[in-house]
Every structure is written in C-alpha cells, then in structure tokens.
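Engineer:
Number of protein chains: 2
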Amino acid sequence: MNKIYKAHILYTKDKAHFEVLENGYVAVGADGLVIGVAENLASLGADASQFCNKTPDVEVVDFGDKLLIPAMNDLHVHASQYRNQGIAMDLELMEWLQSYTFPEEMKYADTAYAERMYRRFVRDLWRVGTMRVCTFASIHTESTRLLMHLFQEAGIGALVGKVAMNRNCPEGLSEPVEKTVKGYESLIEETFHGTSLSPTPPYPPLVRTIITPRFIPSCTPEMLRACGELAAKYQLPVQSHLSENKDEIALVQELEGTWYGDAYNRYGLFGQTPTVMAHCVFTEGEEIELMKRNDVVAAHCPTSNLNVTTGIAPVRQFLDEGVRVGLGSDISGGHNLSIFQMMVYAIQLSKAYYQLHRERPYLTLSEAFWMATKSAGSFFGKVGSFEPGYEFDALVIDDSCLNHDHYSLLERLERYIYLGDDRQILHRFCRGKEIMETKILK
Amino acid sequence: MNKIYKAHILYTKDKAHFEVLENGYVAVGADGLVIGVAENLASLGADASQFCNKTPDVEVVDFGDKLLIPAMNDLHVHASQYRNQGIAMDLELMEWLQSYTFPEEMKYADTAYAERMYRRFVRDLWRVGTMRVCTFASIHTESTRLLMHLFQEAGIGALVGKVAMNRNCPEGLSEPVEKTVKGYESLIEETFHGTSLSPTPPYPPLVRTIITPRFIPSCTPEMLRACGELAAKYQLPVQSHLSENKDEIALVQELEGTWYGDAYNRYGLFGQTPTVMAHCVFTEGEEIELMKRNDVVAAHCPTSNLNVTTGIAPVRQFLDEGVRVGLGSDISGGHNLSIFQMMVYAIQLSKAYYQLHRERPYLTLSEAFWMATKSAGSFFGKVGSFEPGYEFDALVIDDSCLNHDHYSLLERLERYIYLGDDRQILHRFCRGKEIMETKILK
Chain A
-13 MNKIYKAHIL YTKDKAHFEV LENGYVAVGA DGLVIGVAEN LASLGADASQ FCNKTPDVEV
47 VDFGDKLLIP AMNDLHVHAS QYRNQGIAMD LELMEWLQSY TFPEEMKYAD TAYAERMYRR
107 FVRDLWRVGT MRVCTFASIH TESTRLLMHL FQEAGIGALV GKVAMNRNCP EGLSEPVEKT
167 VKGYESLIEE TFHGTSLSPT PPYPPLVRTI ITPRFIPSCT PEMLRACGEL AAKYQLPVQS
227 HLSENKDEIA LVQELEGTWY GDAYNRYGLF GQTPTVMAHC VFTEGEEIEL MKRNDVVAAH
287 CPTSNLNVTT GIAPVRQFLD EGVRVGLGSD ISGGHNLSIF QMMVYAIQLS KAYYQLHRER
347 PYLTLSEAFW MATKSAGSFF GKVGSFEPGY EFDALVIDDS CLNHDHYSLL ERLERYIYLG
407 DDRQILHRFC RGKEIMETKI LK
Chain B
-13 MNKIYKAHIL YTKDKAHFEV LENGYVAVGA DGLVIGVAEN LASLGADASQ FCNKTPDVEV
47 VDFGDKLLIP AMNDLHVHAS QYRNQGIAMD LELMEWLQSY TFPEEMKYAD TAYAERMYRR
107 FVRDLWRVGT MRVCTFASIH TESTRLLMHL FQEAGIGALV GKVAMNRNCP EGLSEPVEKT
167 VKGYESLIEE TFHGTSLSPT PPYPPLVRTI ITPRFIPSCT PEMLRACGEL AAKYQLPVQS
227 HLSENKDEIA LVQELEGTWY GDAYNRYGLF GQTPTVMAHC VFTEGEEIEL MKRNDVVAAH
287 CPTSNLNVTT GIAPVRQFLD EGVRVGLGSD ISGGHNLSIF QMMVYAIQLS KAYYQLHRER
347 PYLTLSEAFW MATKSAGSFF GKVGSFEPGY EFDALVIDDS CLNHDHYSLL ERLERYIYLG
407 DDRQILHRFC RGKEIMETKI LK
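Residue numbers (this note's numbering), protein chains in the order written: chain A, -13 to 428; chain B, -13 to 428.
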C-alpha cells in the first residue's frame, strides 16, 4: 500500500544546504521507494481525499510537530569489537590491539558468544537510528553468517564482512587463504543473498557480504589476490582500512613496494567493485586522484581519529575534490555508535584541522548531515535522501523535550544532533518498512 | 542521623590512580561530611549491628551492585546562554556573539523569561549529575538573584556571578560601575549568603555570589578596580576568562599595557581571593607562574575549545606544574552540559595536543576524573572525594544496561563515562543530602 507521511521534513539534496519543508508530505510506494516529497498535497499529485484515508490504496500518517529526516548510515564499524566499546580508551595503540582487540575478536570462534554480542550490537544500531551499516565481523564464517541473519531478521540494511587476515596477527586470528575463500563462498550462498549479481528490481538484497581484507599489513599477497578475485567473480563490494597512520603507511610501502591505495588497486580492491576505505587520514596527492578516478568512498571516523591518536582526515579536501565521504563510528577505536554524534565530531575535528592549516573552511552542519545521509547512503543504493526514487530510510524525531523556546526547524534539527539521543527517535524506517523493536532488538 | 552507604565505590585521592572499593562502605555524618570509607565495616569503625539498622542513630542504605562516585563539578558555564545550547555551532565567533549570544543575554532583563530558562538550566545540571557549579548569569541583578534562589531551593551548590561589563558590548549589556557595585551588594545581602565572611561551621553557604568581570576587553579599568575591591571587601571568589584566543590577548595588551594574567592581578582579580579562570588556552611562561603563585584555578572547557576554534589548552603542563585544573561545560560555546562528556573530550583533546607537540603524554582516565571531582571540587570547599572530612557529594550509577559482559569495576566506570548518560544516574547527593527531583527540577 502507498503511504503518505506528514511532518516537518528536513534532508539534503546536496552538501551546501538543507531542504526544509514545514508541515511537508512525503509519499512512499508499496515498494519502499519515495514517490514524491512536497510542501502540500497538490504538489505531491495527491488530493485531500487521499490524505483523509478516503481512498483504499493510500495510508496516511500525520506525525504532527515531529521532524522527519533520513536515517543514519554507518560506513565503518567493527561488530566483533562491540564488547570493548568505551574501555581501555587511554591505552597506546599497540597495547590496545594486543591486550584488548585481538583477544576479543578470537572469542567469536564461539557462535554462542557471538550471538549474545551481535544481538546487542544490532539492537544498539537500531536504537541510535542507523538503518544501514557497513561492518567488519571477524574471521569466523559461522559467526559472520549469524550476524547477517540477525540483520536480515531485524530488517536493517547491512554489508557484513568476514575478515580476511593471515599475517602479522595472533595465530587464532589467522586463516589460510583457501579456507577464507570457502568461507566467503558459503556466505554468498545464503538465500537472502541470491540476487547479489542482479541488483534489480529495484534494489539489491538488504543484507550482503562485503569482501573485507583487514588491511594490507595483515594479508599476504595471496590473500589480497584472492579477495580481489572474489570481489570480481561475485561482484561484491569491498571494505578495508587506508592510510590511518604513518607507521602503517611505511609498512605497506615496505611490504608491497608501492603506496597504500595503489597496493589495493593492484589486487582489484580499490574501486573495481564498489569500495569503501576507512580513515584516509594521510591520503593525499595521487591517492586522492586514484580514489576519485575509481570512485572509492572514504569513511571518516572522527572519534576514532581522536581516540586512536591517528591524526585528522582531510575531509574538506575530499569534499572539494569530489571524493565521496561518509561517516563511521569505528567501534571500538571510536567509542560512540551514534552517527549524529559523528556529525558533531566531524564538524569539531574540521575546526581543529582548520586551526592547524587555516587554508580551508571547516565543515558546516549541512555538509556533515549530507555525509551521514545521502553521501554515505550512496554506498547502499539510492539511500539517504527523500528525492523520488530513493529508498525510504527515515527517522521520526520527537524533540519536544529539547524544543522549549521557539526554535526554527533547522535549529531544532541542530539541537537534536548536538544534544539529542535515542530517546527522541520515535520511529525508524528502512526501505519503506517501519523497523519496530522486535524480539531481536530487545 | 549518620548514614552508611554500601556500593562499589570509586574515587580519586590523587590524579595518578583510582581508589576502588568493591562492595565498600562510606559513612556520612549528620552534618553531611564523610566520616570514613572502607572495604569492610570493621575498618570503618562500625559493626554489623549498625549495618543491620539495629542502632537507632545509623541509617544504612545498600546500593548493591551500583557504582558510587563523587558528583560532578562544573567550573565554567553561562546560564544565560542556555537557550543557545547546540545552535549556530558552525558560525564564526564574531557572528555567533553578535547574532546569538548578546541578543540572548539581553532577554534576561525580563525576570519571567529568566525564570523559565534558569529552571531548565538548574534541572538539567541536576539531570547530568552536576552538584556544584560556577556559573555566569547576566548583568541583570534580579535575574541573577532568581538563579541563586533556584539553586538554593534545589539544594545544588553554586557560585553565581552577576556579570560586570561596561565596554565593547551592545548598549543593553553595558552597566555603569556604581550600578554594578550596588547590584553585587544587594546580592551579597541575600539571607542564605549571610555567613559568607565566616566559612565555619563547617563550610560556607551552598549558594554564593562570585565576582564576575566578563573579561578584560569588556570592562573599563574603573569596573575592574571596583570588582577587585568588592572581592576583597566581602572576601568573595572571582571568575573570568583568560587567554582564550590570540586576538583577545593582543587586545588586552593594548588596553592594559601588560599581559593578560598580570592585568587581572593588578586589579586584585587573580588569586587575591579564590579565583577560577576559564580556558587558559594560550597561558604559558609567566602567566603559568603567576597562576601557581596565586593558586588560580584553570577551568578547562574542551568542547568549547573545539567548537569556538580557539585552540587546545595545555592541560598536561598545568598538571605537571601544579596549577589546579577543573573542567567546564562552557554552555553555549560548549554544547554539552555533562561533565562526564567533558572528561571524554579532555582526554581526546589531550591526544590531539599530543599529536601536535609530542613531548607530553596525553591525559589518563584517572587524571580526567580527578580534574572533574577532587581538583574542581576544591574550588567549592572539601568537595570531590570520599576522604574523611569531605562533603558527601555523590552519584549512584546503575550501569546494568551497559554492564552486560563481566567488566571490571574500573571498566564499568570508564564505560559509564564514555557511553552513559543521565538515565543511569539513580541518586544524587550534595553535601550529604539526597537531591530529589522536586518541583523545581521538573
């Protein structure tokens, strides 16, 4: 059944400014795609009788004084580090990895443990309004499969990566290339995955496998080659880490005899299929050029940039030069799962960056919002906007507790982003369907 | 009546590490002061019969698996900018001041408006667990008086500053020196203020006036002199802003013919009575020396440092050199009222600072916690610790929703600081008394 939603509608068609529709309407088809968005019913091609529910084929919902905005997209997070969210945050990177991160990821050999943690992870993504996520799981095929099923059951869109790694890591997290390939192939065979080669009609499956070499230092050339071949053969997207810190960049140069992006590129892991790279803190010059040419998406993870003391990604430069950028929570390098808070931190870090380098202005609210919605959403399909043809991924925000003194609609949105939390999210939609707090999400 | 509280107790005697008492006890006298804290009743000088409520003079409360920690102290915030929290965050400083801050502060000439806003402000401080605050009000004496009464009624400790300013500001925010002096004197006469000259027994009034020249550029020499005289005459503490940005520092040099801290010092506004200075971003060399010599406290406001693009205060240096430091939310330059979140940002900014300058390690969790509790608390009396003789300012944290996988007590505290919010604060105590959600706090 078609639906018409009435509310104060805010979204970004482009990064420069918001579309603001006071008491606006958005019409959504039975297929979950936006039919139209307008300030009144007539412009929507609807009439009052439809809005009064007098026609049988339209259901109308009036959200009154609430805000209706696109849902959040998280382009980089480690599901298997969820237990470690918000602990050991003042440790140095190597101690953090060896004492916390790797031992934790090993536990996911146990699917019972994985299920307990992954349920919380999926539930909490739902809570904070993230309806699409691009996530690392662990090396373990069965736990990864379980995570995919949880997302499928919840109705949340996810690209889930079994992690490929076979060097520079503890024995329990190393997997031979052949086993990794077999693992991927068994995940690709999942029923909800069947149509991954034909992304019509009208969109690909909600939950899919994403090829996930951890990063170049933890994969042998054979593993990287196998990953590239899997991506090409099954037309699967790719995610990994890029140029996060200088030691890592030097190590890649030593291991692969070339610069970081080029190394991925040689293995078919840099835009040959849709690719997202996390961090890109020290990405510059020819690496930016190659990202642009290959349409590689940068996942900016501002809390991680701070917590892990990597430095600050040059996001303004990415935007100016036309590199696609989205935001990532990067749990557990990042500590906060909310993409709204990633917007706040992205603006704040751009100010810190501006202070250091002066030559570029810092990020505006509309730019941060656009990165979190339409720009990041583009990695999942036509997601993150209310323009016609977009999948209706949306949040209804009841900001009455923050809206005590006649703020404008944009001020209300800004206050929600800066001050709000999951308590104010009243409804969540993914691909047109309301995602309720079902058993899996409790 | 004396009380004994049982819970997992965490606090910091010094900045280097936490005191952690699993299933510990803290005894609090009828005067609101801590009698003792220990891992068992015997060490506390109590016995089981007391704990079983079998003696009439002790009431015992068992908080079970909850965390008991000192309450938060906010050393710098602008109550009259509360409406502007979380809006216009991507504006440049001058536009932000002229279009948002000054017009907002002018509204406080209207006590009805002030009451509406200040009630929300006091309520929200309560919510986030801040039991002591050092706040700017506005130039308006009656609104300032009203804010003092609200704190008094709520039972929350506050140093409330009527703002002195008479140059470089809009006409509606300028007040002649004589009127400012009269205003202060009328506030000092408030009944709850009567004992301000004799801080025994055993502690000063919970709510007091604090002398508050906005900052040097907005006060003529006559105003600064009058402020210094008021502080000396009535033995009142002082708060202001110091060395927040370079243009401001140059302007002070031009106006006063000396460096910033020295200018305050010449007017008796730099430690002659207890003094807290916000920001101190560019404080160095002789200014640090003078702060140390005069025991001037620095209020570090990390979100404000980021949002207002001032730069990052050298907090590690303050700690190493023995300058007292506390944390401030600095609403509305800062956007977040929670001092827990200020700890997170303080650690993160110290990491950004470390990246720039390398020579000093970044802040640890215990250092951030100590700054927010015992170090900041020292500005209000013996506040911020559970050592004997300290005023019992405390929060009881029910972190069960975050504590799903066998974390240590310190990890639980860290997770609460990084991930938690007001929902997990179950009880709040100020000076021994539980501060309930009364009418004023609704």
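Cβ coordinates follow ideal geometry from the N, Cα and C atoms, glycine included.
Computed from a predicted structure; not experimentally measured.
(1) Chain B beta carbons: is any one of them nearer than 7 Å to that of residue 73 (chain A)?
(2) Under 8 Å by Cβ, that's how I've got residue 321 (chain A) and residue 71 (chain A) pegged, so tell me the actual separation to the nearest angstrom.
(3) Below 7 Å CB to CB, which residues in the same chain sit around residue 65 (chain B) once its five sequence neighbours on both sides are set aside?
(4) Would the beta-carbon of residue 209 (chain A) fall within 7 Å of that of residue 150 (chain A)?
(5) I want to see whether chain A comes within less than 7 Å of residue 423 (chain B), judged by CB atoms only; does it?
(6) Please list the segments of the alpha helix (DSSP H) lying wholly inside the stretch 236 to 305 of chain B, counting only runs of 4 or more residues, in order along the chain.
(7) Please identify, using Cβ separations under 7 Å, the residues of the stretch 312 to 340 of chain B that lie next to chain A, in order along the chain.
(8) Go ahead and pull the three-state DSSP assignment for residue 412 (chain A).
(9) Can you give the Cα-Cα distance for residue 90 (chain A) and residue 82 (chain A), rounded to whole angstroms?
(10) Comparing C-alpha positions only, which one of B:148, B:112, B:144 sits nearest to residue 129 (chain B)?
(11) For residue 404 (chain A), which residues in chain B fall below 7 Å Cβ to Cβ?
(12) Can you pull the chain A neighbours of residue 121 (chain B), defined as C-beta to C-beta under 9 Å?
(13) Helix, strand or coil for residue 343 (chain A)? Go by DSSP, reduced to three states.
(14) Taking the straight line between their C-alpha atoms, what separation do you get for residue 163 (chain A) and residue 220 (chain A)?
(15) Going along chain A, which residues have a C-beta under 7 Å from residue 292 (chain B)?
(16) On the three-state DSSP scale, how would you describe residue 392 (chain B)?
(17) Between which two residues does the alpha helix (DSSP H) harbouring residue 212 (chain A) extend?
(18) Buried or exposed: residue 386 (chain B), going by 16 or more other Cβ atoms within 10 Å of its Cβ?
(19) What residues of chain A sit near residue 390 (chain B), judged by a beta carbon separation below 7 Å?
(20) Any chance the stretch 399 to 408 of chain A sits against the stretch -12 to 1 of chain B, with 3 or more Cβ pairs inside 8 Å?
(21) Using DSSP bridges, identify the partner residues of residue 70 (chain B).
(22) Step through the CB atoms of chain A and report whether any lies within less than 7 Å of the CB of residue 350 (chain B).
(23) Between residue 15 (chain B) and residue 111 (chain B), what straight-line distance do the alpha-carbon atoms span, to the nearest angstrom?
(24) Using the C-alpha atoms, what's the distance from residue 369 (chain B) back to residue 146 (chain A)?
(25) Using the Cα positions of residue 0 (chain B) and residue 271 (chain B), report the straight-line distance between them to the nearest angstrom.
(26) Residues of chain B with a CB under 7 Å from the CB of residue 407 (chain A): which are they?
(27) CB residue 73 (chain B) to CB residue 400 (chain A), shorter than 7 Å?
(28) Mind checking which residues open and close the alpha helix (DSSP H) that includes residue 168 (chain B)?
(29) Identify which residue in B:175, B:109, B:353, B:292 has its Cα closest to the Cα of residue 414 (chain B).
(30) So, helix, strand or coil for residue 50 (chain A), using DSSP?
(31) Where does the unbroken alpha helix (DSSP H) through residue 138 (chain B) begin, and where does it stop?
(32) For the beta strand (DSSP E) containing residue 117 (chain A), name the first residue and the last one.
(33) According to DSSP, simplified to helix, strand and coil, what is residue 230 (chain A)?
(34) Alpha carbons only, please: which of A:251, A:306, A:63 is nearest the one belonging to residue 280 (chain A)?
(35) Round the Cβ separation of residue 292 (chain B) and residue 338 (chain A) to the nearest angstrom and send it over; I've been treating them as touching at under 8 Å.
(36) By Cβ distance, which residues of its chain are closer than 6 Å to residue 318 (chain B), with the 5 residues on each side in sequence left out?
Structural biologist: Put simply:
(1) yes
(2) 6 Å
(3) 104, 107, 121, 122, 123, 133
(4) yes
(5) no
(6) 246 to 252, 271 to 280, 288 to 293
(7) 321, 333, 334, 337, 338, 340
(8) strand
(9) 11 Å
(10) B:148
(11) 72, 75, 321
(12) In chain order: nothing, as chain A lies at least about 18 Å away.
(13) helix
(14) 17 Å
(15) 334, 337, 338
(16) coil
(17) 207 to 220
(18) exposed
(19) 106
(20) no
(21) None, per the DSSP bridge assignment.
(22) yes
(23) 26 Å
(24) 49 Å
(25) 25 Å
(26) 407
(27) yes
(28) 163 to 174
(29) B:109
(30) strand
(31) 127 to 140
(32) 116 to 122
(33) coil
(34) A:251
(35) 6 Å
(36) 67, 70, 71
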